[in-house]
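Each remark here refers to the structure printed beneath this line.
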Amino acid sequence: MIIAELRNIRKRFGPVTALDGFDLQIEQGQLLALLGRNGAGKTTATKLLLGLTSADEGAARVFGHDPRQCAGRLRTGAMLQAGQVPETLRVAEHIELFSSYYPKPLPAGEAIRAAGLEGLERRMYGSLSGGQRQRVLFALAICGRPDLLLLDEPTVGLDVDSRRGLWKHIRHFVAGGGSVLLTTHYLEEADVLADHVAVIDKGRRIAEGSPAEIKRSICARRISCITELADDRLRALEGVQSVTRAGGRVTLTAVDSDTVLHRLLTADPRVREVEIQGAGLEEAFLALTEVAQ
Ligand SMILES: Nc1ncnc2c1ncn2[C@@H]1O[C@H](COP(=O)(O)OP(=O)(O)OP(=O)(O)O)[C@@H](O)[C@H]1O
Numbered sequence: 000m001i002i003a004e005l006r007n008i009r010k011r012f013g014p015v016t017a018l019d020g021f022d023l024q025i026e027q028g029q030l031l032a033l034l035g036r037n038g039a040g041k042t043t044a045t046k047l048l049l050g051l052t053s054a055d056e057g058a059a060r061v062f063g064h065d066p067r068q069c070a071g072r073l074r075t076g077a078m079l080q081a082g083q084v085p086e087t088l089r090v091a092e093h094i095e096l097f098s099s100y101y102p103k104p105l106p107a108g109e110a111i112r113a114a115g116l117e118g119l120e121r122r123m124y125g126s127l128s129g130g131q132r133q134r135v136l137f138a139l140a141i142c143g144r145p146d147l148l149l150l151d152e153p154t155v156g157l158d159v160d161s162r163r164g165l166w167k168h169i170r171h172f173v174a175g176g177g178s179v180l181l182t183t184h185y186l187e188e189a190d191v192l193a194d195h196v197a198v199i200d201k202g203r204r205i206a207e208g209s210p211a212e213i214k215r216s217i218c219a220r221r222i223s224c225i226t227e228l229a230d231d232r233l234r235a236l237e238g239v240q241s242v243t244r245a246g247g248r249v250t251l252t253a254v255d256s257d258t259v260l261h262r263l264l265t266a267d268p269r270v271r272e273v274e275i276q277g278a279g280l281e282e283a284f285l286a287l288t289e290v291a292q
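Residue numbers (numbering that gives the first Met the number 0): 0 to 292.
As structure tokens, this is what we get:
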């Protein structure tokens, strides 16, 4: 069952088109990762689902309502980038205050456990580490017992341990029946957390599927060689995603490296010192978004 969706959204900020015919559906119980580079349109999509901004064209729905109406918002928790709360309130005080906004909040102790904040209840927010602060913001996002969580790049700036810590709490929320939209520019994060991934670039959805499907579709390989062909000719070979040159060698990335290699040999029979390697996941993701430019 679809609980939240964006349909054919167009959103401009002056000359910038942030979303350009963008579609997204979040199913009940799903952890959907919206993966994209900086400026791709992820935050704008999240804000539309929160009713914080409205579309120029298209429709946003959360639990069947316009997100600007209270009915959908009461069932939605959110963690936005650069989320801030007063530094001089204690962790437990923040949670009690936020809980008081909702009709059926979680007991404070449960919110504290679900965010891994045991032992920090009396600490002032301003004295916490970056990872601990993110866990407080997570507790505030879940304390109203939401059915849907919108997490906008929740682990940016966190070290590996803190990131993994937050992942554990996000997974626990989903295991309890919740749905999550998580925006990220870490392919690894989408891979380990999500059961569905949508890739956004320049306000458009350019790929969608399970993490395995996304990885397969962007599983680019690198062909490195010495060739007399100019970069323009190389770029024009069908299937070539990117061309870089260093130290007299050229490196091409391509999903189907066998076919591209045949085309390269046809275009330049004198090509030398050919090496083919698998590209890393991050590189593959960059290649995918590069191609859409
Ligand atoms: N309030 C605004 N005024 C002007 N331009 C905006 C505004 N909000 C977003 N934009 C522009 O819209 C585009 C999409 O921005 P958005 O914040 O949605 O991207 P993002 O994928 O969340 O990026 P990041 O990963 O950097 O947070 C960007 O070019 C951004 O500069």
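Ideal Cβ positions, reconstructed from N, Cα and C, are used throughout, including at glycine.
Setting aside the 5 residues that flank it on each side, residue 93 is surrounded in the same chain by 84, each with a C-beta closer than 6 Å to its C-beta; the list follows chain order. For residue 272, the enclosing beta strand (DSSP E) stretches over residues 271 to 277. A distance below 7 Å between beta-carbons, with the five flanking residues on each side excluded, links residue 60 to the following residues of its chain, in chain order: 3 and 4. Residue 159 and residue 251 have their C-alpha atoms some 31 Å from each other.
In the structure shown, residue 173 adopts helical secondary structure according to DSSP, grouped into three states.
Remark: C-beta atoms of residue 89 and residue 132 do not approach each other more closely than 7 Å.
Distance from the C-beta of residue 7 to the nearest heavy atom of ligand 1 is not below 6 Å. Using a cutoff of 6 Å, the CB of residue 41 counts as near ligand 1, since one of the ligand's heavy atoms is closer than that. In the structure shown, residue 10 falls within a strand segment according to DSSP collapsed to helix, strand and coil. Judged by their CB atoms, residue 28 and residue 7 are not nearer to each other than the 7 Å cut-off. If you ignore the 5 residues before and after residue 172, its C-beta comes within less than 8 Å of the C-beta of 113, 141, 148 and 179, all in its own chain and listed in chain order.
Within the stretch 211 to 244, the runs of beta strand (DSSP E) at least 3 residues long that lie entirely inside it are, in chain order, 220 to 225. Comparing C-alpha distances from residue 136 to each of 100, 81 and 146 shows the shortest one belongs to 81. Short note on residue 35: C-beta closer than 6 Å to some heavy atom of ligand 1. At a Cβ-Cβ threshold of 7 Å, residue 189 and residue 34 count as neighbours.
A heavy atom of ligand 1 is found nearer than 6 Å to the CB of residue 17. Residue 212 is classed as exposed because its beta carbon has fewer than 16 other beta carbons within 10 Å across all chains shown. The beta carbon of residue 12 sits closer than 6 Å to at least one heavy atom of ligand 1.
Exclusion of the five residues before and after residue 266 leaves 228, 232 and 236 as the residues of its chain whose Cβ lies within less than 7 Å of its Cβ.
Comparing C-alpha distances from residue 54 to each of 225, 63, 43 and 78 shows the shortest one belongs to 43. Here residue 24 carries a strand assignment [DSSP, helix/strand/coil]. Assigned with DSSP and collapsed to three states, residue 179 falls in strand.
Counting along the chain, residue 75 sits inside the beta strand (DSSP E) bounded by residues 75 to 78. For residue 248, the enclosing beta strand (DSSP E) starts and ends at 248 to 253. The stretch 14 to 65 contains, as complete beta strand (DSSP E) runs of 3+ residues, the segments 15 to 26, 30 to 34 and 56 to 61 (chain order). Close CB contacts of residue 246 within its chain, under the 8 Å cut and outside five residues either way in sequence, are absent. Within the model, the alpha-carbon separation for residue 224 versus residue 200 is close to 30 Å.
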